[in-house]
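This report concerns only the one structure given below.
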Amino acid sequence: MPDRRPGEREARLEEALRELKEARNENRALRAEMGNLDDRLAALERSIVFRGLRAMGLQGRLLQRKTGQALLRSPLHPLYARLLGGRHAERSYEDWLSRHRREDPLREVATNGALISVLLPTRSPRAEWLRQAVESVAAQTHTKWQLCVCVDGEIGREADAFLRHRGKEDSRVVVVRSGGDGISAALNRALAVAQGEFVAFLDHDDVLEPTALAHAGLRLGGGLLDLVYSDEDYIDEDGTPLQPNFKPGWSPDLLMTCMYMGHLLVARRTSVLAAGGFRPQMDGAQDYDLVLRMVDSGARVGHISRVLYHWRRLGGSTALRQAAKPYALEAGRRALEDAVRRRGWTADVLLGDLPNSYRVETALRAKESVSIIIPTRSSALLARCLEALRDKTRSVEYRLIVAQHRSTEIENERIEVIADSHDAVLVPYEGPFNFSTMNNAAARVASSDLLVFLNDDVEPVSEDWLTRLCGALGREGVGVAGARLHYPQGSIQHVGMVLGMSDGVGHLGRHLLRSSYWPWIEFSREVSAVTGACMAVRRTLFERLGGFDTAFPVNYNDVDFCLRAREAGYRVVLESGAVLIHRESVTRRRGTSAEERLLFHQRWGHLVESGDEYFTPNLRLDIEDLSLAR
Numbered sequence: 277m278p279d280r281r282p283g284e285r286e287a288r289l290e291e292a293l294r295e296l297k298e299a300r301n302e303n304r305a306l307r308a309e310m311g312n313l314d315d316r317l318a319a320l321e322r323s324i325v326f327r328g329l330r331a332m333g334l335q336g337r338l339l340q341r342k343t344g345q346a347l348l349r350s351p352l353h354p355l356y357a358r359l360l361g362g363r364h365a366e367r368s369y370e371d372w373l374s375r376h377r378r379e380d381p382l383r384e385v386a387t388n389g390a391l392i393s394v395l396l397p398t399r400s401p402r403a404e405w406l407r408q409a410v411e412s413v414a415a416q417t418h419t420k421w422q423l424c425v426c427v428d429g430e431i432g433r434e435a436d437a438f439l440r441h442r443g444k445e446d447s448r449v450v451v452v453r454s455g456g457d458g459i460s461a462a463l464n465r466a467l468a469v470a471q472g473e474f475v476a477f478l479d480h481d482d483v484l485e486p487t488a489l490a491h492a493g494l495r496l497g498g499g500l501l502d503l504v505y506s507d508e509d510y511i512d513e514d515g516t517p518l519q520p521n522f523k524p525g526w527s528p529d530l531l532m533t534c535m536y537m538g539h540l541l542v543a544r545r546t547s548v549l550a551a552g553g554f555r556p557q558m559d560g561a562q563d564y565d566l567v568l569r570m571v572d573s574g575a576r577v578g579h580i581s582r583v584l585y586h587w588r589r590l591g592g593s594t595a596l597r598q599a600a601k602p603y604a605l606e607a608g609r610r611a612l613e614d615a616v617r618r619r620g621w622t623a624d625v626l627l628g629d630l631p632n633s634y635r636v637e638t639a640l641r642a643k644e645s646v647s648i649i650i651p652t653r654s655s656a657l658l659a660r661c662l663e664a665l666r667d668k669t670r671s672v673e674y675r676l677i678v679a680q681h682r683s684t685e686i687e688n689e690r691i692e693v694i695a696d697s698h699d700a701v702l703v704p705y706e707g708p709f710n711f712s713t714m715n716n717a718a719a720r721v722a723s724s725d726l727l728v729f730l731n732d733d734v735e736p737v738s739e740d741w742l743t744r745l746c747g748a749l750g751r752e753g754v755g756v757a758g759a760r761l762h763y764p765q766g767s768i769q770h771v772g773m774v775l776g777m778s779d780g781v782g783h784l785g786r787h788l789l790r791s792s793y794w795p796w797i798e799f800s801r802e803v804s805a806v807t808g809a810c811m812a813v814r815r816t817l818f819e820r821l822g823g824f825d826t827a828f829p830v831n832y833n834d835v836d837f838c839l840r841a842r843e844a845g846y847r848v849v850l851e852s853g854a855v856l857i858h859r860e861s862v863t864r865r866r867g868t869s870a871e872e873r874l875l876f877h878q879r880w881g882h883l884v885e886s887g888d889e890y891f892t893p894n895l896r897l898d899i900e901d902l903s904l905a906r
């Protein structure tokens with residue numbers, strides 16, 4: 277319908293333009309206010325009082341953590357725990373578990389989807405614990421289950437009578453026997469009578485959460501996955517919850533260091549059979565061996581971020597003492613060697629730096645060259661960094677490229693002398709500090725196959741750091757590799773970055789020594805991003821992605837690059853064996869700017885909102901200390 281009054285359309289257009297102009301002015305004013313707030317916060321952080329108080333607080337917490345670690349195995353640890361809240365941490369987990377049980381959406385829901393067969397091998401069990409294991413299956417809210425118990429040799433009169441009675445009482449309980457030939461033979465015997473579309477695995481002294489099979493059936497029921505694993509916790513001999521073991525999403529690199537999936541493990545039965553079932557020569561690591569073979573056969577893997585399995589800590593159990601079964605560690609190494617051979621990798625399988633862990637050592641490809649790129653404006657830091665590289669880097673030859681942020685004439689001359697003495701190529705840069713621009717300019721000079729970006733306040737600790745960091749790029753599908761960085765006092769600075777933490781992305785475990793809730797900080801694994809303070813990437817990929825985005829001059833440039841690499845189909849990994857010291861932000865202010873935060877969230881906010889697949893929703897995101905979430 278046409279306008280009735282002359283000029284009404286023009287008036288409406290002018291009003292819309294005026295409102296748009298006002299909105300732009302408000303937006304500009306808001307950005308200016310945010311910038312002023314950033315400057316005021318930065319000035320506060322740079323103040324002597326704030327820095328002094330912060331250093332004292334960090335040193336105090338670090339001393340407390342070191343004391344706790346030193347007393348962990350001593351008679352004084354119970355006194356330390358009472359005085360400094362160790363028992364409170366245990367009570368906090370017990371409270372957390374109770375709350376999550378109440379909020380479990382499947383707690384009051386009876387499901388009857390696909391049949392799930394629970395395989396339970398047993399030999400010389402304690403009758404009461406076996407009873408609790410069996411009853412935890414009977415108590416499942418998922419009603420379509422089958423319990424396949426295989427008695428492997430001796431069992432005891434009381435336990436035997438209980439199983440016979442349970443089998444007569446409920447036809448879903450099937451009891452078979454084997455001649456004491458080991459756990460793999462017992463599992464295969466139980467597998468032979470299993471009728472379920474899926475099979476779950478339960479040890480005879482452990483307990484399932486009532487909704488365990490319901491959650492597993494829900495994840496597997498869509499037909500998109502062949503194998504799922506859940507979080508678990510440890511319970512004492514009386515069944516009291518002690519400590520959770522939260523896990524990341526599917527991480528092929530972490531699987532090559534340990535059987536991180538643990539319990540609960542539920543798999544498609546046809547996939548288990550296609551992989552060949554369990555192999556007796558791998559007893560002790562039979563589940564690890566099976567999962568490796570299933571993955572190599574194309575099994576699709578998923579994770580359930582809920583505690584669905586309770587693992588009893590016993591004197592001879594690896595749940596309590598990881599060195600309790602040395603034969604299991606050796607079996608795991610053989611299983612991993614077998615996987616390396618299947619995949620055609622040129623690599624050695626070694627025992628890892630941590631208990632019950634391994635290291636797949638991948639050599640650099642023949643004639644691959646390495647350039648180390650170091651942006652700097654400080655001759656003192658550069659000299660220290662280059663001397664540490666010279667003294668602590670073995671087995672890999674490298675070319676040095678220094679991106680020089682020019683400042684005073686004297687400082688420029690000093691940097692030139694230092695670079696020349698270390699045979700480093702100098703790439704000068706003038707203008708405001710821009711990490712992305714400086715590194716991109718230096719990368720254009722490089723002709724090496726591999727690029728390693730290194731801050732001038734970083735120094736190697738392990739002599740094989742460069743071998744291990746660059747070796748990670750030789751693993752299939754890896755596009756970016758980062759290192760494990762510590763503060764000079766020994767606490768963690770970087771072991772991977774988490775989306776959704778702090779200002780959109782954070783350093784998990786910063787200032788900790790280790791974490792009982794998240795032990796994976798010490799393992800090589802997939803992560804969403806690694807810090808540009810020590811990052812390795814193939815030059816061809818760096819050029820293909822256009823290098824670092826110069827719109828991020830100080831922060832988020834490394835995260836943005838990692839996310840673009842992942843978007844292109846590459847994996848980002850943390851190589852925990854590459855250990856360096858990082859004197860973080862010695863030459864520039866800490867914190868992030870409002871402009872960079874806004875741009876990061878505009879570009880990657882959808883990933884931040886969806887949650888980090890390599891972290892857990894069970895730990896807090898507002899701070900980096902890996903404490904329990906609500």
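Using the numbering used here, you'd call the opening residue of the sequence shown number 277 and step up by one each time.
The beta carbon of each residue, even a glycine, is placed where N, CA and C say it ideally should be.
Keep in mind it's a predicted model, so treat the numbers as computed, not measured.
Same chain only: Cβ atoms within 6 Å of residue i, ignoring 5 sequence neighbours per side
i: V577; result: L503 and W526
i: R864; result: In this predicted model, R864 has a pLDDT of only 45, less than 50, meaning its place in the structure is not dependable; the value taken from the coordinates is given anyway. Here the set comprises nothing.
i: R399; result: D428 and G429
i: F891; result: V774
i: R618; result: D572
i: A905; result: N894, L895 and R896
i: C424; result: S393, L395, V450, A466, V469 and A470
7 Å Cβ cutoff met for residue i and residue j
i: A390; j: T417; result: no
i: G458; j: P556; result: yes
i: R465; j: C426; result: yes
i: E851; j: S800; result: yes
i: V721; j: V703; result: yes
i: H762; j: I857; result: yes
i: A604; j: G560; result: yes
i: R653; j: H681; result: yes
i: L395; j: L463; result: yes
i: A812; j: A757; result: yes
i: S792; j: Q519; result: yes
i: P524; j: E370; result: no
i: A623; j: L568; result: no
i: F477; j: L541; result: yes
i: L665; j: I691; result: no
i: D888; j: G776; result: yes
Assigned secondary structure, residue i (DSSP; H/G/I helix, E/B strand, else coil)
i: A414; result: helix
i: V385; result: coil
i: Y564; result: helix
i: A870; result: helix
i: W526; result: coil
i: R341; result: The predicted position of R341 is uncertain, since its pLDDT is 48 and thus under 50; a value taken from the coordinates is nonetheless stated next. In the structure shown, R341 sits in a helix (DSSP, three-state: H, G or I).
i: A816; result: Residue identity differs from the one stated: residue 816 is Thr in this sequence, not Ala. Helix, per DSSP.
i: T398; result: strand
i: D979; result: Outside the shown range of the chain (277 to 906) lies residue 979, about which nothing can therefore be said.
i: S886; result: helix
i: Y763; result: coil
i: I686; result: helix
i: Y603; result: helix
Residues sharing a beta bridge with residue i, DSSP
i: G758; result: M811 and L850
i: Q680; result: T652 and P704
i: F474; result: I392 and R544
i: T533; result: The partner list for T533 (beta bridge, DSSP) is empty, contrary to what the question assumes.
i: A488; result: None; A488 has no bridge partner.
i: P517; result: I511
i: C426; result: P397 and V452
i: G782; result: V774
i: S647; result: R675 and L727
i: P736; result: L856
i: W953; result: Residue coverage of the chain in this structure runs from 277 to 906, which leaves residue 953 outside it and unanswerable.
Beta-carbon proximity list for residue i, same chain, < 7 Å, skipping 5 on both sides
i: G608; result: M535, A561, Y564 and Y634
Other residues of its chain near residue i: CB distance less than 8 Å, five sequence neighbours each side excluded
i: H877; result: G780 and V884
i: D512; result: L518, R588 and R589
Exercise. Inspect the CB distances between the region 630–645 and the region 694–712 and report whether three or more fall short of 8 Å.
Key: no
Quiz item: Hey, is the region 668–685 in contact with the region 646–653, meaning 3+ C-beta pairs nearer than 8 Å?
Solution: yes
Quiz item: Three or more C-beta pairs closer than 8 Å, one from the region 367–381 and one from the region 441–457: is that the case here?
Solution: no
Quiz item: Contact between the region 482–491 and the region 404–423: three or more CB pairs below 8 Å?
Solution: yes
Practice problem: Could you say if the region 816–824 and the region 834–844 meet the contact criterion of at least three C-beta pairs nearer than 8 Å? | Solution: yes
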